[in-house]
Each structure stands twice: as C-alpha cells, then as structure tokens.
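Numbered per numbering that gives the first Met the number 0, the sequence shown spans residues 0 to 325. Quick reminder that beta carbons are idealized off the backbone N, C-alpha and C, glycines included.
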Amino acid sequence: MTNRLKFFILILTTILTSLSCKNETQKKNQTTQTKNTESVAITGNYVSDGYVNRKHGSDWISVAVTKLNNDKLNISVRSRADIKKPTCTFDAAAQKVDDKTYETQIDGKSVLFLFLKDELSISTKNEADKDLLYFYCSGGASIAGTYQRIDEKLDETQIDKTQFSRVLNLQSIGFNISSVVKDGNNQLTVLTFGLPHDYNEIFDIGNNIIVNAEVEDLNADGSPELVVFAQSQDKSKKITVYAFSVNNQTSMSQVYFQPTEENKKINNGYNGNDEFALVENYLVQRFSIYKNGNKTDKMKQIQYKLINGEASRRFEIAKISEYDIK
0 MTNRLKFFIL
10 ILTTILTSLS
20 CKNETQKKNQ
30 TTQTKNTESV
40 AITGNYVSDG
50 YVNRKHGSDW
60 ISVAVTKLNN
70 DKLNISVRSR
80 ADIKKPTCTF
90 DAAAQKVDDK
100 TYETQIDGKS
110 VLFLFLKDEL
120 SISTKNEADK
130 DLLYFYCSGG
140 ASIAGTYQRI
150 DEKLDETQID
160 KTQFSRVLNL
170 QSIGFNISSV
180 VKDGNNQLTV
190 LTFGLPHDYN
200 EIFDIGNNII
210 VNAEVEDLNA
220 DGSPELVVFA
230 QSQDKSKKIT
240 VYAFSVNNQT
250 SMSQVYFQPT
260 EENKKINNGY
270 NGNDEFALVE
280 NYLVQRFSIY
290 KNGNKTDKMK
300 QIQYKLINGE
310 ASRRFEIAKI
320 SEYDIK
C-alpha cells in the first residue's frame with residue numbers, strides 16, 4: 000500500500016468518524032430538547048405525603064389547580080377538616096411566568112408555583128420571605144413544600160368545605176373574604192377589620208363560585224375598594240361583580256355594577272367567558288365577541304370608573320375598545 004493511499008484512507012476515516020460523532024451529538028441534543036419541551040400537566044389535584052395514610056388519621060394538605068384564563072391559574076389550598084378545624088386555607092390567582100412556573104403577589108412579595116412532572120412545589124421567590132407562607136396555616140404549619148399529583152377527586156369526606164378564602168389589606172383596612180356551601184347554596188361572607196364600624200355581611204350567590212378578589216383605591220380618596228368576582232358554573236362562565244367601597248375610613252357600603260347582559264352599551268356580542276381585573280384606578284373587563292352564536296377573532300375591552308351616584312357609588316363605563324386577537 001502506497002503512502003498516498005494510506006493518507007487517503009486516514010482522511011476518509013477521520014471524516015466518517017466526525018460525521019458519526021456529529022449525528023450522535025444531534026440525537027442527544029434532540030433528546031434533551033424533547034425532554035425540556037415535554038408538556039407538563041398543570042391543572043388537577045395535588046396532595047402532601049400524609050394523604051395516602053388519611054384513613055389512619057394522618058393530617059394532609061391538598062392543592063386544587065384550575066384554569067382561570069389563558070395566562071392565570073386558580074390555586075386553592077385546603078387541609079383535612081373532619082377530625083379537627085382545618086389547619087391550612089389559601090386561595091390565589093397565579094400569573095403565568097413560563098410553561099412550568101406561575102406567580103402570585105402577597106403584600107408585595109412573590110410566591111412561586113413550579114410544576115414538574117406529577118408534582119407541584121410552592122415557595123417564596125426570596126428565601127427571606129418564607130415566613131409569609133406560615134400565615135395561612137395554624138399549629139406552625141406552612142403551605143410551602145412539594146405536593147404529588149393524583150388522578151382522582153379529593154376525599155370529600157375529609158376535606159375542608161371552604162370554597163374560597165382570602166385576606167386582603169390596603170390603607171390600614173383589612174378584608175376577610177370567604178365562601179362556603181350552606182343549605183345547597185354558595186354563600187359569600189365579607190368581613191372588614193380596622194374600621195370603627197366593621198362590615199360583616201353574607202350574600203347568597205347561588206351556584207356561582209368566587210374565583211378572585213382584589214382591593215384598590217379606585218377613586219383615589221384615601222379609602223380602599225374591594226371587588227369580588229363570582230363565576231357561573233355553566234358553559235358561559237359569566238362573571239358577577241360584588242363591589243364595596245370604604246367611606247372616609249369609617250364604614251363600608253356596597254357599590255353597584257350593572258350586569259353585562261343588561262348593559263345595552265356593551266352587551267352586543269357578549270356570551271360570557273369574561274375576565275376582570277383592577278388596573279390602576281379602573282375596573283377592566285374583556286371578553287370575546289360572538290356573532291350569530293359563533294366566536295369571532297375580536298375582543299371587547301371595557302374600562303369602568305368609580306363614581307358617586309345619588310344613593311351610592313357605582314361603576315360607569317369610561318372607555319370601550321375592540322381589537323383583533325390574531
């Protein structure tokens with residue numbers, strides 16, 4: 000074999016080896032990319048370790064995760080309540096950060112919900128804020144930790160029956176919002192603390208469930224407003240707004256919000272599935288526009304401002320806009 004032929008064979012072998020390594024690297028990268036982009040099931044029920052031993056008296060905590068809208072989740076933490084008073088109760092609307100992470104703000108502090116395969120981890124973004132998650136439990140417990148996903152309904156014989164519970168604060172006024180089922184109907188309770196004349200009222204909300212509550216000083220008068228959102232359980236998922244306004248830091252009264260289906264200025268094309276949020280000094284609503292019973296590619300957005308009415312404060316439309324969602 001000549002030296003020239005040997006050199007040619009060496010070059011060919013080197014090229015083939017290089018191509019083989021490259022293909023192997025590409026396969027590894029594709030496998031890694033597939034793993035990284037593997038979809039993670041998010042909505043559903045998650046439980047703490049004690050759940051599997053619940054029939055033997057173990058305490059346990061559950062987390063029910065449902066979709067609020069395309070970018071938000073409703074997080075509902077409940078604990079065992081058949082033997083003693085429930086130890087943990089927490090509700091939050093969490094905003095999407097990425098495909099596996101959602102976040103909510105509590106008193107300006109970030110709480111993270113990380114979804115991996117068949118598990119959910121709850122923690123504060125900053126380690127220094129971890130004590131915040133003890134507030135929602137009694138007996139020294141915390142809602143922080145890792146929960147395992149289960150493909151079944153939670154044990155209804157043991158779980159806390161509170162449907163919604165949230166404590167909000169603004170301008171030295173506190174609001175305790177809760178909802179329970181009583182006599183076949185859902186009831187909303189709104190209680191204030193920090194006022195000379197505290198407000199404590201119960202509202203029958205039928206089959207609707209509370210999905211969110213927010214607080215803001217909407218009319219910039221130095222006293223906060225509370226807005227609670229109740230969602231129907233039929234296909235329309237229509238939102239009913241319950242709103243309250245604190246009067247000069249002394250008392251609180253209800254605010255009128257005209258139901259969307261009754262408001263001729265905006266109800267054309269309305270078919271439910273609406274979203275609400277407090278944005279700066281406005282109550283903002285948006286929903287897909289329907290035509291002849293079919294969903295179009297347009298959205299309608301309404302901004303409401305809080306004004307003083309003859310008998311009480313009310314929400315009045317400040318701006319209506321439509322835009323394409325494609």
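Going by alpha carbons, who is nearest to residue i out of the options?
i: Q147; options: S120, E155, S141, V166; result: S120
i: A40; options: S61, K318, L113; result: L113
i: S57; options: I82, D70, N68; result: I82
i: D150; options: V166, V62, V226; result: V62
i: G107; options: T123, V64, N291, Y303; result: T123
i: I208; options: N184, P258, G193; result: N184
i: L67; options: N272, G221, V254; result: N272
i: V240; options: Y255, S164, G139, S320; result: Y255
i: D98; options: T86, L115, C87, P85; result: L115
i: Q157; options: P85, V226, P258; result: P85
i: S311; options: L167, Q230, K290, V245; result: V245
i: L169; options: V110, E224, C87, K237; result: E224
i: Q104; options: T145, A80, R165; result: R165
i: Q300; options: E274, E279, N280; result: E274
i: G139; options: V110, T188, C87, E155; result: C87
Taking only the alpha-carbon atoms, compute the straight-line gap between residue i and residue j and give it to the nearest angstrom.
i: T33; j: E102; result: Any answer about T33 is weak, because its pLDDT of 43 lies below 50 and its placement is not dependable; what the coordinates show is given next. Their Cα atoms are separated by approximately 25 Å.
i: R313; j: S252; result: 11 Å
i: N125; j: A143; result: 13 Å
i: L194; j: A276; result: 25 Å
i: F243; j: V210; result: 17 Å
i: I172; j: F192; result: 6 Å
i: K325; j: M298; result: 10 Å
i: V51; j: E118; result: 15 Å
i: S141; j: G221; result: 34 Å
i: T42; j: V64; result: 5 Å
i: A317; j: T295; result: 24 Å
i: S47; j: T100; result: 19 Å
i: F286; j: Q302; result: 12 Å
i: W59; j: D159; result: 11 Å
i: G292; j: S235; result: 12 Å
i: F163; j: G308; result: 31 Å
i: T30; j: A229; result: With a pLDDT of 49 at T30, under the threshold of 50, the modelled position of that residue is not reliable, and the figure given next carries that caveat. Rounded to the nearest angstrom, the two C-alpha atoms are 44 Å apart.
i: D332; j: A91; result: For the chain, the structure presents residues 0 to 325; residue 332 sits outside this window and is missing.
i: E279; j: Y45; result: 34 Å
i: Q284; j: Q257; result: 13 Å
i: N247; j: S231; result: 33 Å
i: H55; j: G49; result: 10 Å
i: A219; j: K152; result: 45 Å
Closer than 6 Å by C-beta to residue i: which residues in its own chain qualify, once you throw out the five before and the five after it? Chain order, please.
i: I306; result: E315
i: F89; result: V76, Y135, I142
i: Y133; result: S141
i: N35; result: Because N35 sits at a pLDDT of 45, beneath the cut-off of 50, its placement in the model cannot be relied upon, and the following sentence gives the value as read from the coordinates. Closer than 6 Å at the Cβ level, and outside the excluded window around N35, lies no residue.
i: E321; result: K297, K299
Which same chain residues end up closer than 7 Å to residue i when comparing Cβ atoms and leaving out the 5 residues on each side of it in sequence?
i: N199; result: L190
i: Y289; result: G268, N270, T295
Got a sec? Which residues, its chain only, sit under 8 Å from residue i by beta carbon, not counting five neighbours each side?
i: H196; result: T249, S250
i: D70; result: Q94, K95
i: L327; result: The question about residue 327 has no answer, for the chain in this structure spans 0 to 325.
i: Q186; result: S178, V179, V180, I201, F202, D203, I204
i: D53; result: One point to set straight first is that residue 53 is Arg, not Asp, in the sequence displayed. The residues are W59, R79, D154, Q157.
i: N266; result: T259, E260
Using a Cβ-based criterion (distance less than 6 Å to any ligand heavy atom), does residue i qualify as near the ligand COA?
i: D323; result: You won't find the ligand COA in this model; it holds no ligand whatsoever.
If you measure from the beta carbon of residue i to each beta carbon in chain D, is any gap under 7 Å?
i: D48; result: No chain D appears in this structure, which consists of one protein chain only.
- Contact between the region 196-216 and the region 122-132 (3+ Cβ pairs under 8 Å): Counting Cβ pairs under 8 Å, fewer than three are found: no touch.
- Assess, as a yes-or-no matter, whether the region 261-273 is touched by the region 193-210 under the definition of 3 or more beta carbon pairs within less than 8 Å. With a cut-off of 8 Å, the region 261-273 and the region 193-210 do not count as touching, because too few Cβ pairs lie within range.
- Message: Using a Cβ distance threshold of 8 Å, determine whether the region 61-77 contacts the region 175-185, with at least three qualifying pairs required.
- Response: No, the region 61-77 is not in contact with the region 175-185.
- What runs of the beta strand (DSSP E), each 3 residues or longer, lie entirely inside the region 257-318? Within the region 257-318, the runs of beta strand (DSSP E) that reach at least 3 residues and sit entirely inside it are, in chain order, 274-278, 281-290, 293-307.
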